[in-house]
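Numbering (the working numbering), first residue to last: 9 to 451.
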Ligand code: AMP
Ligand code: ZN
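Here's what the structure looks like:
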């Protein structure tokens with residue numbers, strides 16, 4: 009970064025202060041963000057960290073150079089929710105995670121997010137997880153009991169530094185899962201035994217599978233090292249997930265921190281209410297993309313500062329849509345020039361996207377506006393203002409393969425479910441006599 013470059017300031021949950029960002033190595037700025045558990049379509053709340061940290065990724069690339077930023081966002085493909093859902097639908101775990109991930113990738117692309125540098129899968133990092141557990145046991149921070157391995161919370165003097173919760177609150181939270189093999193109330197699972205039919209891997213403690221927190225410690229270590237710059241996720245992850253990631257990584261490798269800057273996005277509510285299946289206001293990205301172009305969803309998300317709660321409303325979406333309409337109509341034949349310095353100043357001040365957007369309204373040069381929008385991942389060039397997403401052949405093929413497997417297993421409910429899902433995307437299937445399925449797009 010040259011000396012007259014703007015200073016990036018980020019709010020750090022670890023210190024509860026806005027700080028100047030100083031990367032460990034400006035030639036390789038490293039960021040980890042907790043990614044999805046691939047058992048079901050991601051909802052619009054899940055889209056918030058995807059979009060927010062994509063803006064940060066773009067800004068870091070702008071400041072440090074596109075080749076000098078490594079962004080890791082994991083895919084959690086081993087989890088009890090996955091096992092339960094696969095059993096419910098009568099398909100294999102692999103089929104469920106492949107299918108869910110294919111749709112997830114399509115959704116995030118439609119939201120204008122760049123592909124992270126690495127998208128590691130938990131199931132491909134079992135060796136690293138076992139290595140971390142062995143280090144923790146050797147250092148006296150973990151113990152094996154009854155086929156489980158647990159992290160020994162009292163062995164870490166400054167456990168709880170990120171969430172700063174009072175001890176009794178943490179104990180009360182952890183008591184939710186009481187278990188006879190736990191020495192301390194707050195001890196948490198690193199490894200647990202797998203029953204027959206559950207996914208499992210051989211380990212020194214028997215056939216089993218990792219605890220959720222351990223997955224992120226293993227994947228961030230493998231791809232970013234023992235200490236890195238930024239760790240992000242939604243505010244709900246501060247405790248226990250991030251607190252426990254920190255405990256594992258710091259105690260395994262003996263550093264003062266796991267990451268220097270911890271960033272958390274606020275929560276999203278729909279029409280003023282907490283999103284929930286029972287309230288019937290649970291909206292997936294997938295569903296929203298049928299009605300709105302991805303850019304509208306993205307702009308709408310960025311009109312609220314990432315640390316504030318966001319109230320997701322139809323009215324907001326309509327406004328965002330009209331802003332974009334205006335910018336698109338002037339963008340014809342205009343080449344993007346330079347990013348507005350006001351926009352850079354807003355974004356480098358802890359990602360103040362609402363301020364950046366208010367500047368966008370005032371910019372008089374359409375080339376500057378276009379370049380500034382592009383920095384925020386909004387492409388006004390896109391002629392696809394029809395409220396229809398593009399259909400990706402790879403996703404369709406993946407769904408068809410899963411459907412064929414379901415049919416081979418005489419799982420007609422699943423086969424119909426996939427046909428309906430494709431129909432909703434505008435894809436019609438034709439089952440041929442030779443057992444193959446062909447498809448076409450119907451709009
Ligand atoms: P999950 O699949 O629940 O682990 O969530 C994946 C990511 O989405 C995490 O970073 C969560 O913090 C985030 N997240 C989940 N629900 C919401 C919400 N309603 N608003 C904002 N972020 C959310
Ligand atoms: Zn994580």
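Don't be surprised by glycine CBs; every beta carbon is placed ideally from N, CA and C. Just so you know, these numbers come straight off a predicted model, no measurement behind them.
Under 8 Å, with one C-beta from each stretch per pair, do the stretch 361–374 and the stretch 332–348 reach the 3-pair mark? Counting C-beta pairs closer than 8 Å gives three or more between the stretch 361–374 and the stretch 332–348, which meets the contact rule.
Any heavy atom of ligand 3 within a distance shorter than 8 Å of the CB on residue 115? Absent from the structure shown: ligand 3. Ligands present: ligand 1 and ligand 2.
Rounded C-alpha distance that separates residue 137 from residue 365: Walking along the chain shown from the start, residue 137 turns up at place 129. Walking along the chain shown from the start, residue 365 turns up at place 357. In a straight line, the C-alpha of residue 137 is about 42 Å away from that of residue 365.
Have a look at residue 291 and residue 31 and give me their C-alpha separation to the nearest angstrom. What you label residue 291 is simply residue 283 of the chain shown in a count that begins at 1. What you label residue 31 is simply residue 23 of the chain shown in a count that begins at 1. If you take the alpha carbons of residue 291 and residue 31, they lie about 37 Å apart.
With distances taken from CA atoms, which of 248, 234, 286 and 104 is nearest residue 262? The residue given as residue 262 occupies position 254 in the chain shown. Closest by alpha carbon: 234.
Sequence-distant residues of its chain with Cβ nearer than 7 Å to residue 319 (five each side left out): Translated into the one-based positions of the chain shown, residue 319 becomes position 311. Cβ within range, chain order: 277 and 280.
Shortest alpha-carbon distance to residue 74 belongs to which of 81, 151, 64 and 82? Here residue 74 is taken as the residue at index 66 of the chain shown, counted from 1. Out of 81, 151, 64 and 82, 64 has the C-alpha closest to the C-alpha of residue 74.
Buried or exposed: where does residue 490 fall if 16 or more other Cβ atoms within 10 Å of its Cβ makes it buried? Nothing can be reported for residue 490: it is not among the residues displayed for the chain, which extend from 9 to 451.
What's the C-alpha gap between residue 448 and residue 400? Counting from 1 along the chain shown, the entry for residue 448 is found at position 440. Counting from 1 along the chain shown, the entry for residue 400 is found at position 392. C-alpha separation (whole angstroms): 12 Å.
What are the boundary residues of the beta strand (DSSP E) that residue 387 is part of? Numbered from its first residue, the chain shown carries residue 387 at position 379. Careful: residue 387 lies outside any beta strand (DSSP E) and carries neither H nor E.
Given this structure, state the Cα-to-Cα distance separating residue 37 from residue 220, to the nearest angstrom. Indexing the chain shown from 1 puts residue 37 at position 29. Indexing the chain shown from 1 puts residue 220 at position 212. The straight-line gap from Cα to Cα measures roughly 26 Å.
Please state the DSSP three-state secondary structure of residue 218. Locating residue 218 in the chain shown gives position 210, where the first residue counts as 1. When secondary structure is reduced to three states using DSSP, residue 218 falls in the strand class.
Report yes if the C-beta of residue 243 is less than 8 Å from at least one heavy atom of ligand 1; otherwise report no. Residue 243 sits at position 235 when you count from the first residue of the chain shown. Checking the Cβ of residue 243 against ligand 1 gives yes.
According to the neighbour-count rule (16 or more other Cβ atoms, all chains shown, within 10 Å of its Cβ), is residue 395 buried or exposed? On the chain shown, residue 395 is found 387 positions in, with the first residue counted as 1. At residue 395 the pLDDT is 45, less than 50, meaning the model places this residue with poor confidence; the figure from the coordinates comes in the next sentence. Exposed is the call here.
Residue ranges of each alpha helix (DSSP H) run of no fewer than 4 residues wholly in the stretch 328–416, ordered along the chain? 349–356, 361–370, 374–383 and 401–416
Once the 5 residues before and after residue 211 are set aside, which same chain residues still bring their CB inside 6 Å of it? As a working note, residue 211 is residue 203 in the chain shown. Once the five neighbours on either side are set aside, the close Cβ partners of residue 211 are 138.
Note the first and the last residue of the continuous beta strand (DSSP E) segment covering residue 201. The residue you call residue 201 lines up with position 193 of the chain shown. First-last of the beta strand (DSSP E) with residue 201: 196–201.
With 16 other CB atoms within 10 Å as the buried threshold, where does residue 46 fall? In the chain shown, the residue the question calls residue 46 occupies position 38. Per the 10 Å Cβ criterion, buried.
Round the Cβ separation of residue 410 and residue 99 to the nearest angstrom and send it over; I've been treating them as touching at under 8 Å. Within the chain shown, numbered from 1, the residue matching residue 410 stands at position 402. Within the chain shown, numbered from 1, the residue matching residue 99 stands at position 91. That belief holds up - the Cβ atoms of residue 410 and residue 99 are roughly 7 Å apart, short of 8 Å.
For residue 385, the nearest candidate out of 414, 408, 407 and 355 (CA to CA): Looking up residue 385 in the chain shown gives position 377. Measuring from the Cα of residue 385, the nearest candidate turns out to be 355.
Cα-Cα separation, residue 316 to residue 272: If you number the chain shown from 1, residue 316 lands on position 308. If you number the chain shown from 1, residue 272 lands on position 264. Going by the C-alpha atoms only, they are around 10 Å apart.
Residues around ligand 2, please: the ones whose beta-carbon is closer than 5 Å to some heavy atom of it, in chain order. 42 and 224
To the nearest angstrom, how far is the alpha carbon of residue 56 from that of residue 309? To locate residue 56, count along the chain shown from 1; it is residue 48. To locate residue 309, count along the chain shown from 1; it is residue 301. Approximately 7 Å, taken between the alpha carbons.
Output the boundary residues of the alpha helix (DSSP H) element that contains residue 458. One cannot answer for residue 458 here, as it falls past the ends of the chain, which runs 9 to 451.
Would you kindly check if the distance between the Cβ of residue 117 and the Cβ of residue 82 is under 9 Å? For the purposes of this step, residue 82 is identified with residue 74 of the chain shown, where counting begins at 1. For the purposes of this step, residue 117 is identified with residue 109 of the chain shown, where counting begins at 1. Using a Cβ distance threshold of 9 Å, residue 82 and residue 117 do not count as a contacting pair.
Please go through the stretch 158–187 and give each complete alpha helix (DSSP H) segment of 4 or more residues, from N-terminal end onward. 175–182
Tell me whether residue 312 sits in a helix, a strand or coil according to DSSP, three-state version. Taking the first residue of the chain shown as position 1, residue 312 is located at position 304. Residue state, collapsed to three classes: coil.
Sequence-distant residues of its chain with Cβ nearer than 7 Å to residue 435 (five each side left out): The sequence position of residue 435 within the chain shown is 427, counting from 1. Cβ neighbours of residue 435 beyond the five flanking positions: 399, 404, 447 and 449.
Give the DSSP bridge partners of residue 27, in chain order. Within the chain shown, numbered from 1, the residue matching residue 27 stands at position 19. For residue 27, which the question treats as bridged, DSSP gives the partners 18.
Tell me which residues share the same chain as residue 167 and place their Cβ nearer than 8 Å to its Cβ, disregarding the 5 neighbours each side in the sequence. If you number the chain shown from 1, residue 167 lands on position 159. Around residue 167: 161, 194, 251 and 255.
Residue 127 by DSSP, collapsed to three states: which one? What you label residue 127 is simply residue 119 of the chain shown in a count that begins at 1. Coil, per DSSP.
Just confirm the distance between the C-beta atoms of residue 198 and residue 157, as a whole number of angstroms; I'd bet it's less than 8 Å. In the chain shown, the residue the question calls residue 198 occupies position 190. In the chain shown, the residue the question calls residue 157 occupies position 149. About 5 Å; that satisfies the 8 Å criterion.
CB residue 23 to CB residue 85, shorter than 9 Å? Here residue 23 refers to the residue found at position 15 of the chain shown. Here residue 85 refers to the residue found at position 77 of the chain shown. Against a cut-off of 9 Å, the Cβ pair of residue 85 and residue 23 comes out as no contact.
Does the Cβ-Cβ distance between residue 239 and residue 40 come in under 9 Å? Counting from 1 along the chain shown, the entry for residue 239 is found at position 231. Counting from 1 along the chain shown, the entry for residue 40 is found at position 32. For residue 239 and residue 40, yes; Cβs fall inside 9 Å.
Considering only C-alpha positions, which residue in the set 77, 76 and 101 is nearest to residue 88? The residue you call residue 88 lines up with position 80 of the chain shown. Closest option to residue 88, Cα to Cα, is 101.
Residues near residue 60 by beta carbon distance below 6 Å, same chain, minus five either side: For the purposes of this step, residue 60 is taken as the residue at position 52 of the chain shown. Cβ within range, chain order: 273 and 314.
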